[in-house]
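Below is one structure, written out as structure tokens; comments come after it.
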Amino acid sequence: MQVVLMHYVFAFLPAVAMTYPLPVGELGVAGIASIPLFFAYDGHSAVYLFFVMSGVVLTHAFSSRSFQFPLAVARRLIRLGLPMIAATLFAAALLTLLPDSHIVAGERTGSTWFRNIGPEEFSLYTIAHQMAFEGLLTGFDTSSLLPPWIRGSLTLAPITHGFNVPMWTLHIEFCGSLLVMLLVVLRSAASRGAYRAVCAVLGCVFVLSPMIMFIIGHLVANHLTERRARSPQPWIGSALLGAGVLLCSVQTVAPITAMWTFLPAPWLGLQGDATVLQKMIGALSIFAGLGCVPVLRRYLERPAPRWFGKISFSLYLTHYPILSTGVALVFTRLNETLSYEVSIAIASAAGIATSIAIAVLFERWIDRPSIALSRAVSRWRLVAGAPVALVLVPIGRK
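Here numbering that gives the first Met the number 0 is used: the first residue of the sequence shown is 0, the next is one more, and so on.
Here is the structure:
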């Protein structure tokens with residue numbers, strides 16, 4: 000939901016978006032009091048928190064059963080690829096019907112971000128290209144983990160020319176899942192020393208890349224169960240949560256800037272700046288804090304948060320096309336007779352409600368079947384004569 004709110008703020012309240020993150024030297028009492036409000040639409044930190052959680056979940060998933068490596072990769076392609084294709088087609092259909100709604104709304108709100116984002120051309124080739132490459136396998140030109148010489152040969156579009164802006168993270172999620180898969184295989188097949196050495200090297204390689212979040216999630220996955228068995232430490236958890244929210248909500252502090260200058264750049268792929276590094280550290284602090292506060296854990300395990308968690312991926316994939324077309328049009332029409340503030344409130348409330356309803360349908364008819372199909376792939380067997388697959392047997396299983 001943080002990503003959804005961030006896009007609505009960027010589209011309709013660009014002046015508010017420009018004040019974020021908060022200057023450290025100008026916090027004061029009012030600034031500190033406003034931190035929860037700013038954090039509520041800090042979509043970038045939410046993405047990094049999701050990456051570390053994904054590392055944990057995927058580690059348990061890959062370790063819980065024997066699997067053939069090629070089929071495991073195919074499962075991830077199906078699991079992420081089918082929703083990506085459906086979301087791209089959904090966005091392309093809406094933009095074909097209302098291609099200029101976000102431009103008109105962006106001119107009225109003063110949001111250059113909202114006005115300028117969108118595909119340069121509408122064609123079957125552009126749609127197919129983004130489904131085949133930018134949507135998952137290669138990422139967009141400005142957010143790809145691939146080296147420049149590969150990106151240049153594929154003529155990838157920048158994220159600002161994508162049909163669906165949030166799609167940039169799927170490429171990182173796919174590559175991160177492959178990395179976790181390889182680490183699980185290595186942990187089972189190699190010595191403990193070799194496994195730790197590889198983790199250390201990869202940590203150095205990706206220390207300034209979002210990929211580090213998957214590595215950290217993988218490393219802490221086996222310790223979370225042990226941690227939950229110990230006595231809770233709510234004070235430590237509260238301090239970690241507070242520090243994490245603060246780091247995610249303020250401008251880059253001097254120690255983080257110095258750390259970013261000192262640490263090595265990734266050998267390949269996407270490199271974040273000092274702001275990204277601080278938000279990743281903040282997300283890790285929040286993740287650690289959640290594990291120390293039983294009250295929050297119990298709340299997150301209740302039906303309502305679990306339901307939102309179930310539709311969150313679908314909401315993430317479908318909300319922006321709705322915002323840039325239907326919601327933008329509704330806002331523009333309302334603002335012809337109503338005040339700016341009232342138009343924003345009505346259009347945003349209707350847009351978010353519609354997005355949740357569409358996400359429920361998307362989860363039922365697209366996301367859930369893609370999960371079922373990806374699980375069915377695990378029951379396939381390589382035909383005779385195919386290359387021998389690497390088979391992982393979890394530790395402790397004969």
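Yeah, the Cβ is synthetic: ideal placement off N, Cα and C, and Gly gets one too. These numbers were taken from a predicted model, which means no experiment stands behind them.
According to DSSP, is residue i helix, strand or coil?
i	result
V249	strand
Q67	strand
C203	helix
C291	coil
Y40	coil
N334	coil
T260	helix
F11	helix
M130	helix
I116	coil
A16	helix
E300	coil
W234	helix
M0	coil
A189	coil
T137	coil
S122	coil
P254	helix
P35	helix
What does a CB cutoff of less than 6 Å around residue i pick up in its chain, not counting 5 residues either side in sequence?
i	result
M83	G134, L135 and L169
G138	H170
S342	F330, L333 and N334
S176	L57 and R75
W167	F139, S142 and I158
Y7	S347
A282	S44, Y47 and L48
Using beta carbons (cut-off 8 Å, strictly below), is residue i in contact with chain B?
i	result
S354	Within the model displayed, chain B is absent; a lone protein chain is all it includes.
If I measure Cβ to Cβ from residue i and keep anything under 7 Å in the same chain, skipping five residues before and after, which residues do I get?
i	result
E119	H160
V28	Confidence at V28 is low in this model, with a pLDDT of 48, below 50, so its placement is unreliable and the value that follows should be read with caution. For V28, where only same-chain residues beyond five positions count, there are no Cβ hits under 7 Å.
F89	T317 and P320
T108	A10, F11 and P13
L295	L289
F399	With the chain covering 0 to 397 only, the question about residue 399 has no answer from this structure.
T125	P118
Y315	V2 and P165
V197	L185
L245	I34
Please determine, among the options, the residue with the shortest C-alpha to C-alpha distance to residue i.
i	options	result
F312	G281, G350, I357 and L333	I357
L145	M210, A193, F9 and L262	M210
A86	S373, G308, I370 and E362	E362
L201	H217, A188, S190 and F61	H217
V219	A188, H6, V183 and A10	V183
L93	S323, L337, S338 and S354	S323
G80	H43, H318, Y194 and E172	E172
L276	I255, S338 and Q129	I255
V359	I351, I310 and F68	I310
M180	G151, F68 and Q250	F68
A274	V244, C291 and Q250	The amino acid at residue 274 is misidentified as Ala; the sequence shows Thr. That would be Q250, whose Cα lies nearest to the Cα of T274.
P165	R367, V2 and Y339	V2
F162	A156, S187 and A91	A91
I215	A189, L314, W306 and I280	I280
L262	F213, C203 and N221	C203
F132	L153, G350 and Y298	L153
H59	A127, R150 and L223	L223
W259	F205, P304, G241 and T111	F205
A16	Q129, L70, E300 and T111	T111
Quick one: residues in its chain with C-beta nearer than 8 Å to the C-beta of residue i, no 5 flanking neighbours on either side, listed in chain order?
i	result
A371	none
A257	none
A193	L185
R374	R74
L4	A39, Y40 and G42
F121	A91, L94, T95 and P98
P368	L81
Inter-stretch contact (C-beta, 8 Å, three-pair minimum) for the segment 274-294 and the segment 40-55:
yes
Per the contact definition of three or more C-beta pairs closer than 8 Å, is the segment 328-342 in contact with the segment 97-111?
yes
Whole alpha helix (DSSP H) runs in the segment 146-172 with 4 or more residues, listed along the chain?
Listed in chain order, the alpha helix (DSSP H) runs fully inside the segment 146-172 are 147-153, counting runs of at least 4 residues.
Measuring CB atoms only, is the segment 233-242 touching the segment 67-75, in the sense that at least three cross pairs come out at less than 8 Å?
no
Whole alpha helix (DSSP H) elements within the segment 306-382, 4-residue minimum
Listed in chain order, the complete alpha helix (DSSP H) runs (minimum 4 residues) inside the segment 306-382 are 327-333, 339-361 and 367-376.
Whole runs of the alpha helix (DSSP H) within the segment 65-104, excluding any shorter than 4 residues
68-96
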